[in-house]
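Q: Residue numbers (the numbering used here): -11 to 242.
Here a beta-carbon is modelled for each residue, glycine too, at the ideal position from N, C-alpha and C.
As the structure is a computational prediction, the values presented were derived from the model and not from experiment.
Handing you this structure, nothing more for now.
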Amino acid sequence: MPRTTKLTPSKVSTKPTPRNSRKSEEGVPLSQVIRRRIQAKKARFHANDNIAQFIEPGEIDGLIDEVADKLQGVLESLVIDTESDHNTRGTAYRVAKMYVNEVFTGRYTPQPSLTRFPNVSRLNELMIIGPIAVKSACSHHLCPIMGRVWIGVLPDKQTALIGLSKYARITEWIMCRPQIQEEAVVELANILEEKMKPTGLALVMEADHFCMQWRGVKDLNSKMVNSVMRGSFLKDANLRREFLALMGKQQGRQ
């Protein structure tokens, strides 16, 4: 009599059929292939680094498939029956897709284009943009960071101006990766300073950290606020006060 093989739950796939292979032709996991490219260039790939230049067209779907497989293992180790529980069937793939395409998309997509315009009107008065919504995750626990950021720009005739929507786009690109708030604000300031060359730049970020509210001490009232001041904002106390006062008025309207 022919022998039959019983398929155990651990061998059953709970996600859609992969659109791309997770491995190269040599059988090396795609994540390892990407890692080798980065290391060959002696580049860094920390949690808050962008690695888009090392990812080739079509590889994102393969990376999602690989992450989904690893997350399926996590669910199994948590003793969650993804075969019988219809609520978690396919969860590993959904979470993998969410991480790569949404929550951490700032790691895997190129920097958004920042069209710059000459300051033909020679504007030299304070401009404040915000509050811009911040949606990020802490590098330590991958818990959400939800908040807002205000950006103050003091231009001069040499400053390149950008459209208002670009402030939100570049903020989202920086924040949509595992971050530490202090580092994220500095990173955002560095890009704006490099692209615009303002005579003064100020950023203030206020955020709820779910690693403190959702776990640990579970303090629902605490927020973190930090700032970065560059150029004229460091030298001119009156300018700083004007920025903070106008920012406070915006907060009062929220």
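Taking the beta strand (DSSP E) that C126 belongs to, which residues open and close that run?
A: Taking the first residue of the sequence shown as 1, we reach residue 126 at position 138. It spans 115 to 126 - the beta strand (DSSP E) in which C126 sits, taken as one unbroken run.
Q: By how many angstroms is the C-alpha of K145 removed from the C-alpha of M200?
A: Residue 200 sits at position 212 when you count from the first residue of the sequence shown. Residue 145 sits at position 157 when you count from the first residue of the sequence shown. For M200 and K145, the distance between alpha carbons rounds to 44 Å.
Q: In angstroms with no decimal places, state the Cα-to-Cα distance between P119 and M134.
A: The count along the sequence shown starts at 1 and reaches residue 119 at position 131. The count along the sequence shown starts at 1 and reaches residue 134 at position 146. Rounded to the nearest angstrom, the two C-alpha atoms are 12 Å apart.
Q: Check each candidate in W202, Q167, K185, L208 and name the one with the smallest Cα separation from I220.
A: Locating residue 220 in the sequence shown gives position 232, counting from the first residue. Here the sequence assigns Ser to residue 220, which means Ile is not the residue at that position. That would be K185, whose Cα lies nearest to the Cα of S220.
Q: So who's on the other strand from V137, going by DSSP bridges?
A: Here residue 137 refers to the residue found at position 149 when the sequence shown is read from its first residue. According to DSSP, which records beta bridges pairwise, V137 is partnered with I120, M193.
Q: Tell whether a beta-carbon distance below 9 Å holds between I179 and I168.
A: On the sequence shown, position 191 is the one that residue 179 refers to. On the sequence shown, position 180 is the one that residue 168 refers to. For the 9 Å CB-CB criterion, I179 and I168 do not form a contact.
Q: Where does R228 sit, in a helix, a strand or coil, going by DSSP?
A: Translated into the one-based positions of the sequence shown, residue 228 becomes position 240. Three-state result, R228: helix.
Q: Express the C-alpha separation of K211 and T136 in angstroms, rounding to a whole number.
A: Here the question's residue 136 lines up with position 148 in the sequence shown. Here the question's residue 211 lines up with position 223 in the sequence shown. According to the sequence displayed, residue 136 carries Arg and not Thr. Cα-Cα distance, rounded: 11 Å.
Q: Assess contact between the stretch 108 to 122 and the stretch 152 to 161, defined as three or more Cβ pairs (one per stretch) separated by less than 8 Å. Is contact present?
A: yes
Q: Per DSSP, what kind of secondary structure is L149 in: helix, strand or coil?
A: The sequence position of residue 149 within the sequence shown is 161, counting from 1. Strand at L149.
Q: Closest Cβ-Cβ distance between E71 and chain D: below 9 Å?
A: Given the protein chain composition of this structure (a single chain), no chain D is represented.
Q: Would you call the stretch 35 to 44 in contact with the stretch 89 to 104, where contact means no fewer than 3 C-beta pairs closer than 8 Å?
A: yes
Q: For the beta strand (DSSP E) containing R203, list its first residue and its last residue.
A: Indexing the sequence shown from 1 puts residue 203 at position 215. No beta strand (DSSP E) contains R203, which DSSP labels as neither H nor E.
Q: Cutting at 6 Å between CB atoms, please list the residues of its own chain near R82, excluding the five before and the five after it.
A: Looking up residue 82 in the sequence shown gives position 94. Excluding sequence neighbours, R82 sits near nothing in its chain.
Q: Less than 6 Å between C-beta atoms, sequence neighbours within five positions excluded: which residues of the same chain meet that for A190?
A: The sequence position of residue 190 within the sequence shown is 202, counting from 1. The answer, listed in chain order, is G140, M217, F221, F231.
Q: Going by beta-carbon coordinates alone, are L102 and I150 separated by less than 9 Å?
A: Within the sequence shown, the letter at position 114 stands for residue 102. Within the sequence shown, the letter at position 162 stands for residue 150. Yes.
Q: In angstroms with no decimal places, state the Cα-to-Cα distance between A28 and I22.
A: Taking the sequence shown and counting its residues from 1, the one referred to as residue 28 is at position 40. Taking the sequence shown and counting its residues from 1, the one referred to as residue 22 is at position 34. Distance between the alpha carbons of A28 and I22 is about 10 Å.
Q: With DSSP collapsed to three states, give me the class of Y87.
A: By one-based count along the sequence shown, residue 87 stands at place 99. Of the three classes helix, strand and coil, the one that applies to Y87 here is helix, per DSSP.
Q: Rounded to whole angstroms, what's the CA-CA distance from P132 to F198? Just pull it up for me.
A: On the sequence shown, position 144 is the one that residue 132 refers to. On the sequence shown, position 210 is the one that residue 198 refers to. In a straight line, the C-alpha of P132 is about 5 Å away from that of F198.
Q: So what's R24 in DSSP terms, helix, strand or just coil?
A: Translated into the one-based positions of the sequence shown, residue 24 becomes position 36. Correct three-state label for R24: helix.
Q: Is it buried or exposed, W202, if we count other Cβ atoms within 10 angstroms and call 16 or more buried?
A: Looking up residue 202 in the sequence shown gives position 214. Looking at its Cβ environment, which holds fewer than 16 other Cβ atoms inside 10 Å, W202 is exposed.
Q: What's the call for V290, buried or exposed, on a 16-neighbour Cβ count within 10 Å?
A: Residue 290 is absent from the model: the chain starts at -11 and stops at 242.
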